[in-house]
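Per the UniProt record's numbering, the very first residue in the sequence shown carries number 1; after that it's consecutive. Working notes, structure below.
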Amino acid sequence: MGKTVRMTVAQATINFLGAQHSESDGIEQKLFAGCFGIFGHGNVAGIGQALLQAELEQPELLPYVLGRNEQAMVHSAVAYARMKERRQTWVVSTSVGPGATNMLTGAALATINRLPVLLLPADTFADRSASPLLQELEQPYAGDLTVNDAFRPLSAYFDRVWRPEQLAPALMSAMRVLTDPAATGAVTVCFPQDVQVQAYDWPVELFERRVWHIARPLPETRVLAQAAEVIRNAKRPLVVAGGGVHYSGATDALAAFCEATGIPVGQTQAGKGTLVFDHPQCLGAIGSTGTTASNAIAAEADLVIGIGTRYSDFTTASRTAFQGPDVTFVNINVAGLDAVKQAGLSVVADAREALTALTGLLEGHRVEQAYVERYTALDAEWESTVTSVFAQPETDEGLLSQNAVIGAVNELSDPRDVVVCAAGSMPGDLHKLWRTRDPKGYHVEYGYSCMGYEVAGGLGVAMACPDRDVFVMVGDGSYLMMATELATVVQEHVKLITVLVQNHGYASIGALSESLGSQRFGTRYRARGAQSHRLDGDFLPVDLAANAASFGLEVIKARTMAELADAIKVAKAGSEPVVIYVETDPFIDAPSSESWWDVPVSATSTLESTQQARTTYDEHKARQRLFLTPPRVP
């Protein structure tokens with residue numbers, strides 16, 4: 001038998017994780033930047049002890065950061081991984097029970113967005129010597145079931161280490177999935193409390209430096225040739241660029257492809273920034289929250305080239321965006337699951353490699369000049385609209401519009417600064433309005449659209465890119481869901497500029513409710529009326545600025561545009577985290593995308609508002625298409 005070293009399961013886990021590296025294009029980095037954690041009785045004596053020992057003996061092995069909320073820790077890790085183009089991420093350790101299940105939302109977000117994060121929730125006793133334990137779920141039909149089994153459908157890989165001998169294969173499988181661009185997501189490895197502290201003689205080879213190659217799958221030559229021919233024969237082609245363009249580092253390849261062929265680009269939420277906003281072929285956002293330019297071209301397209309997109313309902317405007325009578329699709333994606341969507345010609349490949357090869361195959365081909373002139377004119381018209389809404393004055397009540405707030409941050413931030421958002425009305429407004437000037441300058445989580453992601457995600461972005469200023473745009477609704485990581489921001493000395501927009505309720509769902517005939521019911525933050533017994537009283541006397549200040553942050557209140565501009569300048573000039581608090585008018589909408597999103601309306605109602613909304617819904621529903629015809633290869 002070879003040389004061994006005696007450690008606990010938890011100590012072996014930490015030593016193994018600290019020795020893992022990823023490699024892409026010959027560039028290596030540690031796979032794990034560190035470990036976020038909150039300790040409880042399930043992990044304090046196991047993983048917690050191992051992290052303490054590592055911090056004292058090998059400080060750079062796996063640095064530990066104390067979080068405030070388990071879900072938020074996953075958000076921070078995911079945001080970090082996205083900014084690192086999935087080459088590096090974090091470990092997240094929690095206790096058993098609610099500490100573990102608090103991570104479920106974060107796990108779903110990571111897997112839906114195809115972003116790697118390693119979750120290590122504690123579990124109940126493997127030997128069952130003291131069952132039932134505090135926080136243990138008992139079911140009469142299964143003796144081996146724990147609350148952590150809820151992670152199974154949310155994880156890209158799931159395992160549970162019942163015995164020390166299972167640790168090595170479990171960790172190896174976890175690393176395989178984390179570094180697989182087609183299969184990555186949340187990886188969950190559960191650790192029973194008693195197993196964590198068990199000693200075992202481990203082969204020393206387990207802890208040697210290990211490098212995991214992140215593959216760039218090459219396109220099949222024949223399929224790529226077919227794709228090139230389909231593109232050559234299209235009159236009105238349109239690229240839909242998704243997050244996969246970013247993750248493969250394909251932004252330069254996309255620019256070269258579009259400049260050579262003249263094919264315009266619409267961008268998904270994850271794909272925004274794949275071309276900078278003023279690139280000649282960039283039409284900006286596409287779909288339900290898209291620009292009128294992008295959506296007009298989408299409606300006329302005879303070929304859609306999806307690159308690194310999973311075609312969510314917001315991207316396709318619930319399958320109403322592409323109305324060309326003979327429209328077909330070519331899909332370039334590292335994941336076969338996404339490449340086959342919309343009956344497209346499936347090019348399963350790395351985006352950069354496929355785009356580079358396609359550009360060569362299409363040498364000399366360019367769309368007609370009349371098409372270029374049309375989409376250029378449409379884009380200029382949209383940009384004029386954006387300029388006008390950015391300049392909206394204060395209302396008669398002295399309030400700014402959300403459009404004007406976005407415009408001020410956009411115009412006063414540096415090109416390399418990053419805007420972070422996730423849920424509410426802000427992501428849709430940012431998608432269509434924000435003028436992205438750097439590929440990494442836009443970070444909106446919209447795969448799961450999770451309220452509460454903003455501050456935690458901003459922390460992860462700032463930790464991943466300390467040389468950039470990070471602006472978190474968050475409404476009062478999301479702020480109240482989860483602002484606790486502001487304490488972690490202070491703890492870790494991270495500069496984060498949080499723009500807290502107060503509009504006294506759920507602005508996005510309020511507007512959606514109104515459009516669906518539900519009269520903004522249950523969406524306003526109001527006191528219950530003494531006479532009506534409804535939520536229609538005065539604004540709640542909640543002081544969010546004071547709440548933010550309680551974390552030890554500087555808070556600047558801004559009411560006018562001049563005050564907001566001054567606040568942004570002060571925040572940028574400093575080195576400490578700042579919260580900028582501004583009240584806005586929730587009834588001033590962003591310019592319409594002239595698109596649709598399928599949210600069903602009640603088929604019967606005594607309310608006239610609902611009846612009218614149902615009529616409009618049926619009209620839109622009739623335009624939905626199910627794409628089943630593959631492109632014809634000449």
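We put the beta carbon where it would ideally sit given N, CA and C, even for glycine.
Quick check: what's the CA-CA separation for residue i versus residue j?
i           : j       : result
Asp-543     : Val-455 : 18 Å
Asp-429     : His-75  : 22 Å
Glu-28      : Gly-249 : 15 Å
Gly-407     : Glu-445 : 20 Å
Asp-313     : Lys-572 : 36 Å
Ala-404     : Arg-209 : 51 Å
Gln-196     : Gln-226 : 54 Å
Ala-462     : Met-451 : 19 Å
Arg-528     : Gly-537 : 6 Å
Ala-19      : Leu-628 : 47 Å
Ile-568     : Asn-503 : 20 Å
Tyr-80      : His-443 : 11 Å
Asp-127     : Phe-277 : 59 Å
residue 657 : Val-599 : The shown model of the chain, from 1 to 634, leaves out residue 657, and the question about it has no answer.
Glu-514     : Asp-585 : 16 Å
Asp-350     : Thr-124 : 41 Å
Trp-596     : Leu-400 : 27 Å
Ala-77      : Trp-162 : 26 Å
Glu-23      : Arg-87  : 7 Å
Tyr-157     : Pro-169 : 13 Å
Val-633     : Ala-234 : 11 Å
Arg-623     : Ser-318 : 10 Å
Arg-68      : Phe-257 : 45 Å
Take residue i as the anchor and find which of the options has the nearest alpha-carbon.
i       : options                            : result
Gly-271 : Pro-63, Ile-588, Glu-85            : Glu-85
Asn-102 : Pro-140, Arg-366, Ile-38           : Ile-38
Cys-282 : Thr-292, Thr-184, Thr-291, Gly-266 : Gly-266
Thr-498 : Val-409, Gln-71, Ser-532, Ser-346  : Val-409
Arg-216 : Cys-35, Ala-255, Ser-288, Glu-353  : Glu-353
Thr-385 : Ser-609, Trp-434, Ile-568, Ser-131 : Trp-434
Thr-315 : Gly-284, Asp-302, Val-334, Gly-40  : Gly-284
Glu-259 : Leu-355, Thr-292, Glu-205, Tyr-200 : Leu-355
Gln-71  : Arg-222, Thr-274, Thr-94           : Thr-94
Asp-414 : Tyr-453, Ser-22, Asp-438           : Asp-438
Leu-345 : Asp-144, Phe-329, Leu-119, Met-561 : Phe-329
Glu-576 : Gly-2, Gln-611, Leu-496            : Leu-496
Leu-540 : Phe-551, Ala-530, Pro-219, Tyr-525 : Tyr-525
Tyr-200 : Pro-280, Leu-167, Val-304          : Leu-167
Ser-550 : Thr-4, Val-490, Trp-382            : Val-490
Leu-134 : Pro-140, Ala-122, Ala-183          : Ala-122
Gln-392 : Asp-326, Ala-562, Gly-522          : Ala-562
Ala-10  : Thr-4, Val-44, Ala-33, Phe-36      : Val-44
Thr-89  : Thr-184, Pro-98, Thr-4             : Thr-184
Classify residue i as helix, strand or coil using the three-state DSSP reduction.
i           : result
Leu-412     : helix
Ser-346     : strand
Phe-587     : coil
Phe-191     : strand
Gln-392     : coil
Pro-569     : It should be noted that the sequence gives Lys, not Pro, for residue 569. Looking at Lys-569 - three-state DSSP - the assignment turns out to be helix.
Trp-382     : helix
Val-276     : coil
Pro-427     : helix
Gly-249     : coil
Tyr-448     : coil
Thr-8       : strand
residue 653 : This structure cannot settle anything about residue 653, because the visible part of the chain is limited to 1 through 634.
Ser-93      : strand
Leu-134     : coil
Leu-238     : strand
Pro-121     : strand
Cys-465     : coil
Tyr-525     : coil
Met-482     : coil
Ala-422     : coil
Would you please state the rounded distance, in angstroms, between the beta carbons of residue i and residue j? I believe it to be under 8 Å.
i       : j       : result
Gly-244 : Thr-179 : So it is not a contact: roughly 16 Å between Cβ atoms.
Ala-50  : Thr-111 : Not confirmed; about 27 Å, so no contact.
Ile-580 : Ile-556 : 5 Å
Gly-46  : Phe-191 : 7 Å
Ala-186 : Val-117 : 6 Å
Pro-181 : Val-334 : 5 Å
Note to self: To test your reading of the DSSP string, which unbroken beta strand (DSSP E) runs of 3 or more residues are found completely within the region 39 to 77?
What the structure shows: 64 to 66
Check: What residue ranges within the region 137 to 214 form continuous beta strand (DSSP E) runs of no fewer than 3 residues, ordered along the chain?
Finding: 157 to 160, 186 to 192, 199 to 203, 210 to 213
Notebook entry, point to check: What are the start and end residues of each continuous alpha helix (DSSP H) run of 4 or more residues lying completely inside the region 318 to 346, in chain order?
Noted result: 336 to 339
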